[in-house]
């Protein structure tokens, strides 16, 4: 297509303002990609469509014990710690996740402090969110329900009474290690307990240890979620996880 | 108390191992203070005991319009945008918060793209979480429901059908400015939409603007939460906030 | 200006590609503002043109003692700790800074461990970069030269021999506190010792304390830089600071 | 060893205070491990003992061109861009590093803006620190000397005159990617230009691209450092790197 000079000049005169205008065009800051995947939310705390259900009330098929089969009890739609049967963990492994889990400490109080309704939700088998009956139960703050064990005290104590179901919604960001095994990115957690924020993207200093100072040690990007047998018959139900 | 040298030596011999042992004592990593404040959780999405209720279904007493009274409609326990009555904002001001809010786009679809069920939840009157009917409705990804407007695309699209109530649970970390007005800490948001994580502690680059690049400008640590009149009769209910 | 429809259509046909092209225009990602301030670098470790010189070899006019005048000795162009005369601090106060400081431990070794050439550079009077003669001198790693005292071990030990001048280049990011006194942004440091990186934007957990766990306490955004009298005649020279 | 009860009681009475005292013991916060590796600093900008020297003035043995041999010129102890011979890169690959490099734009000014003394230091072949003669030379701020190209404007313009040697000290933190290729940790840079801080641990949004928005794409943890042939005879010397 060939234009006489006169026409071309006119076009330039008209188009230049268009380009200039384009820089103030709201369309320039629109991003059309990626298009987020469509998922269907669950009702209430029920799993959304992209969740992996780890326990739906009937069986332990997603779990294993330290030496094979998970031997906890199934009762009234919950899985219950059987003292001495040991900590159990998922057969699947996970990296960054959103985890929903419900738990209940025994209605009849036995023991005190750390001895009362004690269990734990371990991300990657080593980063523990404490499970404890912390309803009118004195213990150290960084060991009460909702604490990231011995690393972070929960912002508030939003514990329900013994025997009532409680929820944890945990957003876990896995640590990443460099090829030489040194830490590249620390683990982080955001936790909502019974609908209330108790940790806001806090940084973990390493695995949650009982004695001494935490210290990261290189591990795979995906590992199991485990639930602790601490000798108390704590119950769990409605467990689902979304990979982030 | 005075001991003969012989006794003192014995004591030292016995006590030194005690000190050494103390360094491996699990008690050393217990923290007993602070003791988190006890609060009572709400049932489901109901407010916990330490929440400030911004709308409980009956009146707009916590809200104001641009020029005085908030003139949105109260209908069936919800507050509804009245086109042309303008954006409303809370009388109280807030810094870091956990905000729960429920919203509903009109059941009868009108318009398309950004014209369909459009409103917005603004933290500090300038950081917008987009409200839009994004159920089978094509628009730019960083402008769909749950986007942090023109800054962050939601991880997934977890929109419900038009006419259904939806929830946002927003954890907002306010920006902090230095005395010279420059940015000291950027704003961050974690957002859960209908129970599903759509933003994990993302950093905001400034106020969420329609045109051009965001740019922080110093403002007070506490400002109002505002809800946008974008011309569509979007409804809101069950709004509560916790100061963090 | 009125065009016949035929001409308008032609213009639109030509201009639309121009707008589209504009979105791939490299000019769109150019930022012409702000224009960084022009400064003149110093030669070697000499101060750049925008630095505040805190000690140029001749007097202590920028410094004060705990109870008034700074009573350290000026000798051979250096300022030297006089045991018992106490820690000194700048009269000016600072927030975020780049600090250059040179120091020298006594050539004749006296004492051992923490007792040998001990002093300290305190940012904001409470965040200490340890000064110590760590040349073939055993002590705890988080207390050796270049450590952020009892918080961060230096990446390497790049100490010179006693009696030789050493440099610290410290990039300090001040903590910021919210109006309620809680921590809003933690302090961070990057430190280069004798030209070698020893800390890369590490986060401080609070003031650097001798006993117990660090804990932030709200303080002004700008405070003095102080130099410690730890009883050893450590010398300092060529001290300058740039406000960031 | 057996004690009569009386003695045991005495010991307990004495030792308990010792344990209590131990919790206030300054020794509890001493860390003796790891012991940082001892290295010898270089004099001035000379390499420290643990550096890998990438150019010492005499040969290009550490470098390669796009298609084999690096064909830049060696002149007066410097390596000089030969227009058209192309960008060169190190044979070795690197992750997190401290990089020292000196550069000089031609003494006789030719061209203007981006056309004057243009080259670039690329970390991992894709994250560019701009090299440009920015002494009294107008261009876009995020493209001037010391800019992280089109992402971060330098804090100040500390350029020397054309023909003078300038230094960059770059602390580079590599991005880390998750197994699924998504970003796990963003790249960061701290840069000191001629002794003056121009970037303080800024976050990169992706590779530094000429057109459009940066976007991370998974790559190995270690890649080459490259120097750009942008057509101008920019010289480089005294290049060394330390792996972090």
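Residue numbers (our numbering), protein chains in the order written: chain A, -16 to 227; chain B, -16 to 227; chain C, -16 to 227; chain D, -16 to 227.
Positions of the beta carbon are idealized from the N, C-alpha and C atoms, including for glycine.
- In the structure shown, residue 11/D adopts helical secondary structure according to DSSP, grouped into three states.
- Residues of the stretch 13 to 27 of chain A with a C-beta less than 8 Å from any C-beta of chain B: 13, 14, 15, 16, 17, 18, 19, 20, 21, 22, 23, 24, 25, 27, listed in chain order.
- Comparing alpha carbon positions, the residue from 167/D, 102/D, 141/D, 26/D closest to residue 176/C is 26/D.
- Counting along the chain, residue 99/C sits inside no beta strand (DSSP E), nor does DSSP assign it H or E at all.
- At a Cβ-Cβ threshold of 8 Å, residue 225/B and residue 40/B do not count as neighbours.
- Chain C places no beta carbon closer than 8 Å to that of residue 82/D, leaving this residue out of the contacts.
- If you draw a 10 Å sphere on the C-beta of residue 46/A, you find 16 or more other C-beta atoms in it, and that means buried.
- Excluding residues up to 5 positions away in sequence, 189 lie with their Cβ nearer than 6 Å to the Cβ of residue 198/B in the same chain.
- Contact of residue 161/A with chain D by beta-carbon distance below 9 Å involves 78, 79, 157, 159, 204.
- Assignment of beta-bridge partners to residue 86/D by DSSP yields 149/D, 219/D.
- The distance from the Cβ of residue 113/D to that of residue 127/D is about 7 Å, consistent with a contact at the 8 Å cut-off.
- The beta-carbon separation of residue 71/B and residue 53/B, rounded to 4 Å, stays under the 8 Å limit for a contact.
- Three or more Cβ pairs closer than 8 Å define a contact, and the stretch 134 to 153 of chain D meets that threshold against the stretch 80 to 98 of chain D.
- Sequence-distant Cβ neighbours of residue 157/C in its own chain, meaning closer than 7 Å and more than five residues away, are 78, 79, 107, 170, 204.
- The bridge partners DSSP lists for residue 61/C are 58/C.
- In chain order, 70, 102, 103 place their CB closer than 6 Å to the CB of residue 211/C, counting only its own chain and leaving out the 5 sequence neighbours on each side.
- From the listed residues 98/C, 151/C, 117/C, the smallest Cα separation to residue 213/C is found for 98/C.
- Annotation for residue 138/B: 181 place their beta carbon closer than 6 Å to its own, counting only its chain and skipping 5 residues before and after.
- For residue 32/B, the secondary structure class from DSSP, reduced to helix, strand or coil, is coil.
- Nearest neighbour of residue 119/A by Cα position, chosen from 109/A, 142/A, 132/A, 131/A, turns out to be 142/A.
- The distance from the Cβ of residue 168/B to that of residue 168/C is about 4 Å, consistent with a contact at the 8 Å cut-off.
- Interface with chain C (8 Å Cβ-Cβ cutoff): residue 167/B is included.
- Residue 125/C sits in a helix when the DSSP states are folded into three classes.
- Boundaries for residue 206/B: no beta strand (DSSP E) harbours it, and the DSSP string shows neither H nor E there.
- For a Cβ distance threshold of 7 Å, residue set 13 of chain C lies close to residue 126/D, ordered along the chain.
- Bridge pairing for residue 80/A: 155/A, 226/A [DSSP].
- Apart from the 5 residues on each side of it in sequence, residue 32/A sits with its Cβ closer than 7 Å to the Cβ of 22, 23 in its chain, given in chain order.
- Under the DSSP definition of a beta bridge, residue 176/C partners with 151/C, 179/C.
- From the listed residues 178/A, 159/A, 66/A, the smallest Cα separation to residue 83/A is found for 178/A.
- Chain order gives the chain C residues near residue 193/D as 9, 12, where near means a beta carbon separation below 9 Å.
- Here DSSP, grouped into helix, strand and coil, assigns residue 118/B to coil.
- Residue 179/B reaches chain A at 22, 24, 25, 31, 33, 34, 81, 225, counting residues in chain order whose Cβ is nearer than 9 Å.
- With respect to residue 201/B, residue 105/B sits apart: the two C-beta atoms are not nearer than 8 Å.
- Excluding residues up to 5 positions away in sequence, 33 lie with their Cβ nearer than 8 Å to the Cβ of residue 20/A in the same chain.
- Within the same chain, 61, 63, 87 come within 6 Å of residue 218/A by CB-CB distance, once the 5 residues on both sides are set aside.
- The alpha carbon of residue 28/C has as its nearest neighbour, out of 192/C, 162/C, 166/C, 151/C, the alpha carbon of 151/C.
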